[in-house]
Ligand SMILES: Cc1cc2nc3c(=O)[nH]c(=O)nc-3n(C[C@H](O)[C@H](O)[C@H](O)COP(=O)(O)OP(=O)(O)OC[C@H]3O[C@@H](n4cnc5c(N)ncnc54)[C@H](O)[C@@H]3O)c2cc1C
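Residue numbers (our numbering): 1 to 396.
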């Protein structure tokens, strides 16, 4: 077995595996559960197409935005299912109205284990599977062949994914298509499915029931990072951001894949026709656009930031039903870690990865609780029924 690039450069986008004419490349057997391209040297015909397609070797073109928007779906039910302001749903809906197929990441949970993978949908009803952030790396490359076949037939395709996945698609296609629109999702780092599944197994053991659904950002309690777990007996468990440690580890960048810490896409020049993220800090940067100040955007269930990086992207925003206000990239940068720079690698990352390898999530949680300290205790106290009731009565 040999590799196309070293693990620290490989993003696991899978362009190499999809382009290989003899299917000699696999993405398994990875360190810490991360997809890592390996070549079966006996099967390899040395055509070099994997290296030509690899965005770690031939970097995709990055573009500076033509327009920046703070935006939001006008529909509450769309906002409830979306991680931020529902920009993805509204753009995808506008795209589907003109015919075409939308590709994005869906998550299924089988036997308490999550499987994140890209799939295509051709009608608005199917979009719900793609809505919402799944904070673990999935497989996008298995749909690359299908995307190419559609584009060759002249069909319209909207492909959304993390910037490294969009770069992987461009590398695989090797040329542009007028009927392709790409959407890259702001990303400040990603974890492996193996790590997510250790966490889900811990939840299964803790609640003594299979996990049937997991929503990373449950909006019933407003915007934020509060997760919702559904168990096999139908019981729904709602957690705060700090209670289960996965989120703490994610936010503090402690267990991302190695390439994320030198990600070439974590900047304001973008790979997609459009880029979507959370508009964190909008209340400080652009308070006048919020409803409480007479503006059109309501921060209760999240507001999206959209970077339109090409005319194609801008036209799709204009064709959508999104409520929007033009902004400047300078408004986005203070709250937008994903457009500033890659996250620095924390000193204790190797300690955290070691604990994941040992497979003891309870130990990981104890480690996180110690680090969170007072913040964790405060969060727990605030989540008890009497305090919640008191806060509701006081309107806080
Ligand atoms: C791993 C990850 C890290 C992120 N980091 C940041 C960040 O640092 N800052 C920030 O502002 N926003 C970040 N986001 C983006 C944010 O969470 C929202 O996804 C984004 O704002 C779009 O929200 P929405 O309401 O428009 O649409 P939603 O309906 O919430 O998002 C749906 C879109 O997200 C895509 N998607 C969801 N999960 C995955 C996945 N695992 N892999 C590939 N695509 C996926 C779907 O394909 C679809 O295109 C991150 C998202 C992910 C998945």
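Note that CB positions come from ideal geometry on N, CA and C, so glycine has one too.
Worksheet item: Who are the near neighbours of residue 141 in its chain, counting only those whose CB is closer than 7 Å to its CB and skipping five residues on each side?
Response: Start at 1 with the first residue of the chain shown, and residue 141 comes out as number 141. Closer than 7 Å at Cβ, skipping near neighbours: 13, 14, 15, 17, 18 and 168.
Discussion item. Less than 8 Å between C-beta atoms, sequence neighbours within five positions excluded: which residues of the same chain meet that for residue 57?
Written reply: The residue labelled residue 57 in the question sits at position 57 within the chain shown. Here the set comprises 4, 5 and 51.
Item to complete: Report the residue ranges of all beta strand (DSSP E) runs contained in full by the segment 318-373; include only those spanning at least 3 residues, in chain order.
Response: Fully enclosed beta strand (DSSP E) runs of 3 or longer: 323-327.
Worksheet entry | Complete runs of the alpha helix (DSSP H) confined to the segment 135-191 [at least 4 residues] | If we require 4 residues or more, the alpha helix (DSSP H) runs fully inside the segment 135-191 come out as 144-152 and 163-173.
Worksheet item: Does the beta-carbon of residue 384 have 16 or more other beta-carbons within 10 angstroms, so that it is buried, or is it exposed?
Response: Within the chain shown, residue 384 is the residue found at index 384, counting from 1. Residue 384 should be labelled exposed.
Worksheet entry | Local Cβ density within 10 Å of residue 190, reported as buried at 16 or more and exposed below that | On the chain shown, position 190 is the one that residue 190 refers to. Of the other Cβ atoms in all chains shown, 16 or more fall within 10 Å of the Cβ of residue 190; this residue is therefore buried.
Practice prompt. Flag this pair as touching only if the segment 311-329 and the segment 349-368 have three or more C-beta atom pairs under 8 Å; answer yes or no.
Written response: Result no; under three Cβ-Cβ pairs closer than 8 Å.
Discussion item. For residue 275, list the residues DSSP reports as bridge partners.
Written reply: Your numbering for residue 275 matches position 275 in the chain shown. Residue pairing by DSSP places residue 275 opposite 184 and 307 in a beta bridge.
Practice prompt. From the DSSP output, in three-state form, read off residue 115 for me.
Written response: Translated into the one-based positions of the chain shown, residue 115 becomes position 115. Strand, per DSSP.
Item to complete: Take the Cβ of residue 309 as the centre, count every other Cβ of all protein chains shown within 10 Å, and call the residue buried at 16 or more, exposed below.
Response: Position 309 of the chain shown holds residue 309. Residue 309 is buried by the Cβ-count criterion.
Worksheet item: Does the beta carbon of residue 477 fall short of 7 Å from some heavy atom of ligand 1?
Response: This structure cannot speak to residue 477, because the chain is shown only from 1 to 396.
Worksheet item: Any contact of the segment 200-219 with the segment 332-344, i.e. 3+ C-beta pairs under 8 Å?
Response: Too few Cβ pairs lie closer than 8 Å, so no.
Practice prompt. Tell me, please, which residues DSSP counts as bridged to residue 228.
Written response: To locate residue 228, count along the chain shown from 1; it is residue 228. Beta-bridge analysis with DSSP links residue 228 to 215 and 238.
Worksheet item: Taking all protein chains shown into account, do 16 or more other C-beta atoms lie within 10 angstroms of the C-beta of residue 97, making it buried, or fewer, making it exposed?
Response: Residue 97 sits at position 97 when you count from the first residue of the chain shown. By the neighbour-count rule (16 or more Cβ atoms within 10 Å), residue 97 is not buried but exposed.
Worksheet item: Per DSSP, what kind of secondary structure is residue 379 in: helix, strand or coil?
Response: The sequence position of residue 379 within the chain shown is 379, counting from 1. Three-state result, residue 379: helix.
Discussion item. On a Cα-Cα basis, can you pick out the residue from 339, 293 and 258 that is closest to residue 270?
Written reply: Numbered from 1 along the chain shown, position 270 holds the residue referred to as residue 270. Comparing alpha-carbon positions, the option among 339, 293 and 258 lying closest to residue 270 turns out to be 339.
Discussion item. Quick check: residue 429 and residue 266, are their CB atoms within less than 8 Å of each other?
Written reply: For the chain, the structure presents residues 1 to 396; residue 429 sits outside this window and is missing.
Worksheet item: What are the start and end residues of the alpha helix (DSSP H) that includes residue 78?
Response: By one-based count along the chain shown, residue 78 stands at place 78. If you look at residue 78, you'll find it in the alpha helix (DSSP H) that goes 76-81.
Discussion item. Just to confirm my understanding: we take residue 288, look at its own chain, exclude 5 residues before and 5 after, and list those with CB closer than 8 Å. What are they?
Written reply: The sequence position of residue 288 within the chain shown is 288, counting from 1. The beta carbon of residue 288 sits closer than 8 Å to those of 294 and 295, all from its chain and outside the five residues before and after it, given in chain order.
Discussion item. According to DSSP, is residue 5 part of a helix, a strand, or is it coil?
Written reply: As a first step, residue 5 must be located in the chain shown, where it is residue number 5. It is coil, neither helix nor strand.
Practice prompt. Give the secondary structure of residue 313 by DSSP, where H, G and I count as helix, E and B as strand, and everything else as coil.
Written response: Working through the chain shown from its first residue, we reach residue 313 at position 313. Helix at residue 313.
Worksheet item: Any heavy atom of ligand 1 closer than 7 Å to the Cβ of residue 247?
Response: As a first step, residue 247 must be located in the chain shown, where it is residue number 247. Within 7 Å of the C-beta of residue 247 there is not a single heavy atom belonging to ligand 1.
Fill in: Closest Cα partner of residue 83 within the set 277, 375 and 118
Within the chain shown, numbered from 1, the residue matching residue 83 stands at position 83. The shortest CA-to-CA distance from residue 83 to any of 277, 375 and 118 is the one to 277.
Worksheet item: Taking C-alpha atoms, which residue in 331, 312 and 381 lies nearest to residue 156?
Response: Numbered from its first residue, the chain shown carries residue 156 at position 156. When only C-alpha atoms are compared, the closest one is 312.
Worksheet item: Which residues in the same chain as residue 8 place their Cβ atom closer than 7 Å to its Cβ, once the five residues preceding and following it in sequence are excluded?
Response: Position 8 of the chain shown, counting from 1, holds the residue named residue 8. Setting aside the 5 residues that flank it on each side, residue 8 is surrounded in the same chain by 258 and 259, each with a C-beta closer than 7 Å to its C-beta; the list follows chain order.
Worksheet item: Any C-beta of chain B sitting closer than 8 Å to the C-beta of residue 176?
Response: The structure shown has no chain B; it contains just one protein chain.
Worksheet item: In or out: residue 390 buried (at least 16 other Cβ within 10 Å) or exposed?
Response: Counting from 1 along the chain shown, the entry for residue 390 is found at position 390. With a threshold of 16 other beta carbon atoms within 10 Å, residue 390 falls short and is exposed.
Fill in: residue 103 (DSSP reduced to helix, strand or coil)
Position 103 of the chain shown holds residue 103. Secondary structure at residue 103: strand, using DSSP grouped into helix, strand and coil.
Item to complete: In the DSSP assignment, find the beta strand (DSSP E) that holds residue 69 and state where it starts and stops.
Response: Stepping through the chain shown from its first residue, residue 69 is reached at position 69. Residue 69 -> beta strand (DSSP E) spans 67-72.
Fill in: Buried/exposed call for residue 88, threshold 16 Cβ in 10 Å
Numbered from 1 along the chain shown, position 88 holds the residue referred to as residue 88. With a threshold of 16 other beta carbon atoms within 10 Å, residue 88 meets it and is buried.
Worksheet item: For residue 147, which option in 131, 163 and 179 has the closest C-alpha, if you only look at C-alpha atoms?
Response: Position 147 of the chain shown holds residue 147. The shortest Cα separation from residue 147 among 131, 163 and 179 belongs to 179.
Worksheet item: Which residues in the same chain have their Cβ closer than 7 Å to the Cβ of residue 54, if we skip the five residues on either side of it in sequence?
Response: Taking the first residue of the chain shown as 1, we reach residue 54 at position 54. Excluding residues up to 5 positions away in sequence, 4, 5, 15, 16 and 171 lie with their Cβ nearer than 7 Å to the Cβ of residue 54 in the same chain.
Practice prompt. Determine the burial state of residue 378: buried for a count of at least 16 other Cβ atoms within 10 Å of its Cβ, exposed for fewer.
Written response: Within the chain shown, residue 378 is the residue found at index 378, counting from 1. By the neighbour-count rule (16 or more Cβ atoms within 10 Å), residue 378 is not buried but exposed.
Discussion item. So if DSSP puts residue 63 in a beta bridge, which residue, or which two residues, is it bridged to?
Written reply: Within the chain shown, numbered from 1, the residue matching residue 63 stands at position 63. Residue 63 is bridged to 270.
Fill in: Complete alpha helix (DSSP H) runs within the segment 15-58 (minimum length 4 residues, chain order)
Here the runs fully enclosed are 15-19 and 49-53.
Worksheet item: Excluding sequence positions up to five away, which residues of its chain have a Cβ less than 6 Å from the Cβ of residue 368?
Response: Translated into positions along the chain shown, residue 368 becomes position 368. The beta carbon of residue 368 sits closer than 6 Å to the beta carbons of 245 and 248 from its chain, once the five residues preceding and following it are set aside; these are given in chain order.
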